[in-house]
Structure formats: C-alpha cells, structure tokens
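Enquirer: Sharing a structure, written as structure tokens. Questions coming.
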Amino acid sequence: MKDWLEERSMVLILGLTLGLVSVTTLLILQLLKPNDWENHEVQILVEETSDSSQLVVASSETYYVDIKGAVNKPGMYEITSGTRLIEGLELAGGLVADADADQLNFAQLLVDQMVIYVPKVGEEIPAPLTGTQSPEVDSQPGLVNINRADRTELQQLPGIGAVKAEAIIAYREEHGSFQSLEDLSKVNGFGQKTVERLKPGITY
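Dropping the structure here:
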C-alpha cells in the first residue's frame, strides 16, 4: 500500500511539473510574440516611409520665374514644380494695394522661365507682358539669354567665369530681368569694355 501511494505521488508531482512547464512556456510565447510582430511592423513602416521620402525628393524640380509689376518685391524667384501663382505672389511679398487681381488666375501652375506681370487697376499692359507668359524659344539660336541662362551657360561667354556668372544671377534675383544692354554694366565687376565684348553673344 505504501509503495502504491509513493508511486501515485510521483506521478502527480511529475504531472504537475509538466503542466507548470507547459503553462510557463505558453505565457512566455504570448508575451514575446506580439512584441516581435510590433518590432517587425515598425521596421517595415520605417523602411517604407524612407523609400517614399526618397521618391518625393527625386520628383521635385527647381524652376525660376520672373515676377514683375504691382507686387511688393518684384524679381526672380526659385520655385519647385507644382507651385501655383498664388504661392509665387506670396514669395514676391504679395500684391500692392492697387493691383488688379481680377486679371490673374491664382490657381495657375507656374513653369520654368515664366514671366508674371501683375497690372495695376486701369493700367494698359504692353503686349509682351500681358498676364503670365510662358517661356518662348529664343529667336536667335546660338546666343546666350542672360535672363534665362544658368551658371554653366553663362560661363560659355568670353571672359565670364564662375564669379561673374554668380554676379549676373545675383543681379537678376535682386532686380529682375535685364531690360537692356546697359543694365549689364550695373552688375558688380562689369565695366563698359566687358559689356561691349559680350554684346555679340548675348540676348535678353
């Protein structure tokens, strides 16, 4: 009888031990599994977000527009693709009090090299500057347009290095487009001889 009781006790103890081990294992798995999935999901989310950011940056392009007329800060401005007229006007300090906003389409998309002229109320606008003008192809191929050329193109002109190319661009950004050859002599470092030397190879 004693042996039977001892044997039964051993079986019960073994059963309880196995049961306890099983329950403990299940609890550990339940505690660890969700965290593993959460970490995995976070990692995937970070990777996808990073890829999306790279795509957005890659698709963004830089444009330049020339804003003139009845704005507080006329001049050349750098924009990105998808910019609309109302955003460009904000860069130029907004409209002056007597600007004729009725002639403008604030939702219009801006493109590279666009000229934007904001008229005043009752103003007669010269034909080439009516409203917003998209860029046109130069009528004199082979010449460098000093209102549109970038740094590399400007350095193709005789005597124009990186410093003078930057000076031309800085003048455009501060004062707007060149209206005449004489305007080029107002650029820092450009004397009359330099202007005369450039005359045969430029347009504006």
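Residue numbering for the sequence shown is 60 to 263, as defined by the working numbering. We treat Cβ as the ideally placed atom computed from N, Cα and C, and that holds for glycine. All of these numbers come straight from a predicted model, not from anything done at the bench.
Can you give the beta carbon distance from A226 to G248, rounded, assuming they're within the 8 Å contact cut?
Expert: Your numbering for residue 226 matches position 167 in the sequence shown. Your numbering for residue 248 matches position 189 in the sequence shown. At roughly 6 Å, the Cβ-Cβ gap stays under 8 Å, so A226 and G248 are in contact.
Enquirer: Are three or more beta carbon pairs between the region 138-154 and the region 227-240 nearer than 8 Å?
Expert: Because the criterion of three Cβ pairs below 8 Å is not met, the region 138-154 and the region 227-240 do not touch.
Enquirer: Could you tell me which of L243, G181, V180 and F165 sits nearest to N206, measuring between CA atoms?
Expert: Taking the first residue of the sequence shown as position 1, residue 206 is located at position 147. Minimum Cα distance to N206 is reached at L243.
Enquirer: Give a single yes or no on whether L240 has its beta carbon closer than 6 Å to a heavy atom of the ligand ATP.
Expert: This structure simply doesn't include the ligand ATP, nor any ligand for that matter.
Enquirer: Can you grab the Cα-Cα spacing for the pair Y176 / R210, in whole Å?
Expert: Indexing the sequence shown from 1 puts residue 176 at position 117. Indexing the sequence shown from 1 puts residue 210 at position 151. The alpha-carbon atoms of Y176 and R210 are separated by roughly 25 Å.
Enquirer: Around the Cβ of G124, are there at least 16 other Cβ atoms within 10 angstroms (buried) or fewer (exposed)?
Expert: Residue 124 sits at position 65 when you count from the first residue of the sequence shown. Reading off the sequence, residue 124 comes out as Val, not Gly. Classification for V124: buried.
Enquirer: Residues in the same chain with beta-carbon distance under 8 Å from M135, minus the five sequence neighbours each way, listed in chain order, please.
Expert: Locating residue 135 in the sequence shown gives position 76, counting from the first residue. Hits under 8 Å: Y123, V124, D125, I126, R231, E232, G235 and S236.
Enquirer: Within 10 Å of its beta-carbon, does I219 have 16 or more other beta-carbons around it, so buried, or fewer, so exposed?
Expert: Translated into the one-based positions of the sequence shown, residue 219 becomes position 160. It is buried - the Cβ of I219 has at least 16 other Cβ atoms within 10 Å.
Enquirer: Take E182 as the anchor and find which of V170, D159 and T253 has the nearest alpha-carbon.
Expert: Position 123 of the sequence shown, counted from the first residue, corresponds to residue 182. Answer by Cα proximity: D159.
Enquirer: Would you call V174 buried or exposed, if buried means 16 or more other Cβ atoms sit within 10 Å of its Cβ?
Expert: Counted from its first residue, the sequence shown places residue 174 at position 115. With 16 or more other Cβ atoms within 10 Å, it is buried.
Enquirer: Ignore the nearest five residues each way along the sequence and tell me which others in K245's own chain have a CB closer than 6 Å to its CB.
Expert: For the purposes of this step, residue 245 is identified with residue 186 of the sequence shown, where counting begins at 1. The answer is none, since no qualifying residue turns up.
Enquirer: K179 bridges to which residues according to DSSP?
Expert: Counting from one through the sequence shown, the residue named residue 179 turns up at place 120. According to DSSP, which records beta bridges pairwise, K179 is partnered with A158.
Enquirer: Specify, as a first and last residue, the run of the beta strand (DSSP E) that D242 falls within.
Expert: Mapped onto the sequence shown, residue 242 falls at position 183. Per DSSP, D242 belongs to no beta strand (DSSP E); it is in the alpha helix (DSSP H), L240 to L243.
Enquirer: Taking N131 and G152 to be in contact with their CB atoms under 8 Å, please state how far apart those CB atoms are, rounded to whole angstroms.
Expert: Within the sequence shown, the letter at position 72 stands for residue 131. Within the sequence shown, the letter at position 93 stands for residue 152. With 8 Å as the limit, N131 and G152 qualify as a contact, their Cβ atoms being about 3 Å apart.
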